[in-house]
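Okay, so the sequence shown: first residue is 5 according to the working numbering, each after it adds one. In this text, a Cβ means the ideal position worked out from N, Cα and C, and glycines have one as well.
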Amino acid sequence: MDMMDVDETSAPREGKPVLVILVGAPGSGKSTFGEDVMRSSTRHWVRVCQDTIGNGKAGTKAQCLSSATSALKEGKSVFIDRCNLVREQRSEFIQLGGGLQIDVHAVVLDLPAKLCISRSVKRTGHEGNLQGGRAAAVVNRMLQHKELPKLSEGFNRITFCQNENDVKNAINTYSSLGPLDSLPHGCFGQKNTDSKIQVGIMKFLKKAEVPLAAASTTSGTEDPTSQTPRNNSYFKNKETLSSISDNANLETKEVEGQEVGSADSHANQVCPDDIPTLAFPSISTSDFQFNLEKAADIIVEKVAEFSNKFRNARLVLVDLSHKSKILSLVKARIAEKNMDTQKFFTHVGDITHLYSRGGLRCNAIANAANWRLKPGGGGVNAAIFNAAGPELESATKDKVKSLSPGNAAVVPLSSSSPLFTREGVTHVIHVLGPNMNPQRPNYLNNDYNKGCKILEDAYTSLFDGFASIVRNQPGIPVGKSEKVERKSLELPVQSDCSARKYFTSTEQKSKRSDDHGSEKSKKCKGTLDGLGLAFTDSKDEKVDSEQRRTERSRSKAWGSWAQALHQIAMHPEKHKGDLLEISDDVVVLNDIYPKAQKHVLVLARTGGLDCLADVQKEQLQLLKKMHDVGVKWAEKFLTENASLVFRLGYHSVPSMRQLHLHVISQDFESTQLKNKKHWNSFNTAFFRDSVDVMDEVSSDGKATLKDDDKLLSMELRCHRCRSAHPNIPRLKSHISSCQSPFPAYLLQNGRLVHAPGEPRNSVQ
Numbered sequence: 005m006d007m008m009d010v011d012e013t014s015a016p017r018e019g020k021p022v023l024v025i026l027v028g029a030p031g032s033g034k035s036t037f038g039e040d041v042m043r044s045s046t047r048h049w050v051r052v053c054q055d056t057i058g059n060g061k062a063g064t065k066a067q068c069l070s071s072a073t074s075a076l077k078e079g080k081s082v083f084i085d086r087c088n089l090v091r092e093q094r095s096e097f098i099q100l101g102g103g104l105q106i107d108v109h110a111v112v113l114d115l116p117a118k119l120c121i122s123r124s125v126k127r128t129g130h131e132g133n134l135q136g137g138r139a140a141a142v143v144n145r146m147l148q149h150k151e152l153p154k155l156s157e158g159f160n161r162i163t164f165c166q167n168e169n170d171v172k173n174a175i176n177t178y179s180s181l182g183p184l185d186s187l188p189h190g191c192f193g194q195k196n197t198d199s200k201i202q203v204g205i206m207k208f209l210k211k212a213e214v215p216l217a218a219a220s221t222t223s224g225t226e227d228p229t230s231q232t233p234r235n236n237s238y239f240k241n242k243e244t245l246s247s248i249s250d251n252a253n254l255e256t257k258e259v260e261g262q263e264v265g266s267a268d269s270h271a272n273q274v275c276p277d278d279i280p281t282l283a284f285p286s287i288s289t290s291d292f293q294f295n296l297e298k299a300a301d302i303i304v305e306k307v308a309e310f311s312n313k314f315r316n317a318r319l320v321l322v323d324l325s326h327k328s329k330i331l332s333l334v335k336a337r338i339a340e341k342n343m344d345t346q347k348f349f350t351h352v353g354d355i356t357h358l359y360s361r362g363g364l365r366c367n368a369i370a371n372a373a374n375w376r377l378k379p380g381g382g383g384v385n386a387a388i389f390n391a392a393g394p395e396l397e398s399a400t401k402d403k404v405k406s407l408s409p410g411n412a413a414v415v416p417l418s419s420s421s422p423l424f425t426r427e428g429v430t431h432v433i434h435v436l437g438p439n440m441n442p443q444r445p446n447y448l449n450n451d452y453n454k455g456c457k458i459l460e461d462a463y464t465s466l467f468d469g470f471a472s473i474v475r476n477q478p479g480i481p482v483g484k485s486e487k488v489e490r491k492s493l494e495l496p497v498q499s500d501c502s503a504r505k506y507f508t509s510t511e512q513k514s515k516r517s518d519d520h521g522s523e524k525s526k527k528c529k530g531t532l533d534g535l536g537l538a539f540t541d542s543k544d545e546k547v548d549s550e551q552r553r554t555e556r557s558r559s560k561a562w563g564s565w566a567q568a569l570h571q572i573a574m575h576p577e578k579h580k581g582d583l584l585e586i587s588d589d590v591v592v593l594n595d596i597y598p599k600a601q602k603h604v605l606v607l608a609r610t611g612g613l614d615c616l617a618d619v620q621k622e623q624l625q626l627l628k629k630m631h632d633v634g635v636k637w638a639e640k641f642l643t644e645n646a647s648l649v650f651r652l653g654y655h656s657v658p659s660m661r662q663l664h665l666h667v668i669s670q671d672f673e674s675t676q677l678k679n680k681k682h683w684n685s686f687n688t689a690f691f692r693d694s695v696d697v698m699d700e701v702s703s704d705g706k707a708t709l710k711d712d713d714k715l716l717s718m719e720l721r722c723h724r725c726r727s728a729h730p731n732i733p734r735l736k737s738h739i740s741s742c743q744s745p746f747p748a749y750l751l752q753n754g755r756l757v758h759a760p761g762e763p764r765n766s767v768q
């Protein structure tokens, strides 16, 4: 492992007890680390594990502190086997070193989130019973608030392990530590001193963070040319962390402005789904042989213009080589101009594997294209076409035939494209710059006056294309100069959620369409209403309904965690063990976070049906099929417990992609029902009964969406007697004994499903 900040002279001369605080997410291997060392070491070690300290059962932090103190006083060395991901959780253990003659070490098992989640989900017989599907959500949640330890906390030594080879080396180091031996003080193995958080790859069935196929394969080696964003101006979000019942025992607290980074990619910090990010290569400096110094100046100038207009978007300059001259030049200019490296930074890596190999999630990537917009030719162009699969070539061909220098064309990726499913990339922006290579088309004969103008136009077109994504994404603050001046051609929107036809040009003068501001946006959580990015040669192009649905699906900016149901619906064969039923039209599964005793989801398997807003009259038979399947499962559950009552319906604004019907029992007995939003999403007009949706689609061709945010913040009221309650515990206590009949409207039109023979005015 690499060594950093090592103070060899500070190493103790005599052996003394060592307190080793293990830091890592569930599944990172803390228990295995301690056991492996204890198995082979001649030093007397004691492992203090909160999962088992209470006579084999989970205990408290106080018990861990007491046990560790006793062992240290007896001259034994101690492993503290807790997650210890937050500084506050470590502080009391570090304080033990103040009153005892001991060394306090930290071993940080900062392994890829993908690996931790995989281990946690697959393991059985875990001491703390953190395993299976629940473990994925817990791991991801904890990693998002990780604070890497520092020597300033009071540690004598910190060892960072960022891959399995690092872990083996650390085990060997501590295993060979004899009773009288000591280890030098300092910080060892840290690859990125600024990295504080390794974001989980997905909020599993509640932030994949992305596509389920994403994987982290980074080796953890240091990247000297990458640039770490420093001031984290974007992460001023404020969210409440609930207590976690695993061995971290994080207390509920408010966390503000925590930095987000990835130990897997020290070139960057992984951004949340709501931070739009464009990754782009240097245009024209490779095969087109444009002067690097001039190119670097233009890149920085154009990035600065974009950043001034859009405060909450990121640009990343990517190159495959660690010795990239253009990256070095751009980095130097960034430093000279004191640019915000949270908005713009450089990254070394494969632009087609930014997420799976580097943890960098990008909404869009730029392709240094050829004028024919064809695959091949080597370099970035060949790599992107190969990685995106035939879907990109087909989509590009449908939209534009060729590209002239200084122009960019934005093309949405099909959800079946490997770049979409593996990397989470939703759009590719083709861009063509000036050519200074006499062996390539459009050679400028070293006319840099013209060449610089074309390159400026190319970057302007590229960033304008990306700006269309940023501008249309809900909740993204923009600067005062939000209206980007550009030469562009935008064709009318096909429908509220369809892809906008978009093409930027520096040679054609055209008037921007005004239609995008006149149409009322359909309010779907995480959608980019009217987002465009397809483009066509014919305004009269006929698109059938299935294609329109597919384009609407592409235009949505669903958070990557919200893709899980879509992945299941499209590929149920990969999830057979988790599904209750699979047919050609639907799949049925238990809600992983049930809000009642019985809570199942009926998923439509039709592509492009992301939410209720996408439903049209031609889907009426599918709605009826989903309803019938839902009733069938409700009736099945009633044979097991006749006292249950079921309601079937849709959320007006779902939190997860893919049209799904909720079949939920009305007892609402669940530990997963935790807040006002949970309750009101099922007990206000926000919840659309299935029978009403079918009637509306049959008569009007669409369902009415009750999507007012105020519905989710309404006061808590019993769904039977409508009495008001101050909080969820009080509400739950009331509904457990409420004997009032259901409201009259629920007792009509088959909105409730109950056991035969039950009086309709006294359904229990």
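| query | result |
| --- | --- |
| Straight-line gap, residue 186 to residue 177 (C-alpha atoms, nearest Å) | 10 Å |
| Terminal residues of the alpha helix (DSSP H) in which residue 627 lies | 624 to 644 |
| Buried versus exposed call for residue 336 [16 or more other C-beta atoms within 10 Å across all chains shown] | exposed |
| C-alpha gap between residue 227 and residue 352, whole angstroms | Its pLDDT being 43, under 50, residue 227 is placed unreliably by the model, and nothing is read from it. |
| Residue 416, enclosing beta strand (DSSP E) - first and last residue | 412 to 416 |
| Three-way DSSP call (helix, strand, coil) for residue 292 in this model | coil |
| Residue 24: first and last residue of the uninterrupted beta strand (DSSP E) it sits in | 22 to 27 |
| Given residue 454 as reference, the closest of 721, 294, 32 and 326 once Cα atoms are compared | 294 |
| Residue interval of the beta strand (DSSP E) (run including residue 107) | 107 to 113 |
| Residue span of the alpha helix (DSSP H) that contains residue 771, given as start and end | The structure shown has nothing for residue 771, since the chain only spans 5 to 768. |
| Euclidean distance between Cα positions of residue 188 and residue 105 | 16 Å |
| Per-residue DSSP class, three states only, for residue 85 | strand |
| Closest by C-alpha distance to residue 386, when choosing among 412, 79, 414 and 434 | 434 |
| Assigned exposure category for residue 741 - 16 Cβ within 10 Å defines buried | exposed |
| Top-ranked residue by Cα proximity to residue 168, from 363, 657, 120 and 714 | 120 |
| Alpha-carbon to alpha-carbon, residue 192 and residue 180 | 17 Å |
| Buried or exposed by the 16-neighbour rule on C-beta atoms within 10 Å, applied to residue 86 | buried |
| C-alpha distance - residue 367 paired with residue 430, whole-angstrom precision | 6 Å |
| Selected residue, minimal CA-CA separation from residue 1, among 636, 707 and 652 | Because the chain in this structure spans residues 5 to 768, residue 1 falls outside the shown range and cannot be described. |
| Boundaries (first-last residue) of the alpha helix (DSSP H) holding residue 447 | Premise fails: residue 447 is in no alpha helix (DSSP H) and is neither H nor E. |
| Inside the stretch 304 to 345 only - alpha helix (DSSP H) runs reaching at least 4 residues | 329 to 341 |
| Candidates 424, 427, 456 and 421: closest to residue 438 by CA position | 456 |
| Backbone CA spacing between residue 57 and residue 671 [nearest angstrom] | 36 Å |
| Local Cβ density within 10 Å of residue 17, reported as buried at 16 or more and exposed below that | For residue 17, the pLDDT reaches just 41, beneath the cut-off of 50, and the residue's location in the model is therefore unreliable, although a value from the coordinates is still provided. Its Cβ having fewer than 16 others within 10 Å, residue 17 is exposed. |
| For residue 749, the three-state DSSP class (helix, strand or coil) | helix |
| Extent of the continuous alpha helix (DSSP H) to which residue 68 belongs | 65 to 77 |
| Three-state class that DSSP yields for residue 697 in the structure shown | helix |
| Beta-ladder partner(s) of residue 285, from DSSP | 322 |
| Short CB-CB distance (under 9 Å) between residue 115 and chain C | Of the protein chains in the structure, only one exists, and it is not chain C. |
| Closest Cα partner of residue 573 within the set 602, 595 and 607 | 607 |
| CB-CB length for residue 388 against residue 355, believed under 8 Å | 7 Å |
| Span separating the alpha-carbon of residue 468 from that of residue 409 | 16 Å |
| Collapsed DSSP secondary structure at residue 580 in the structure displayed | helix |
| Option nearest residue 727 by Cα separation, candidates 153, 739 and 281 | 739 |
| Status (buried if at least 16 other CB within 10 Å, exposed otherwise) for residue 123 | buried |
| Paired residues, beta bridge with residue 650 - DSSP | 669 and 757 |
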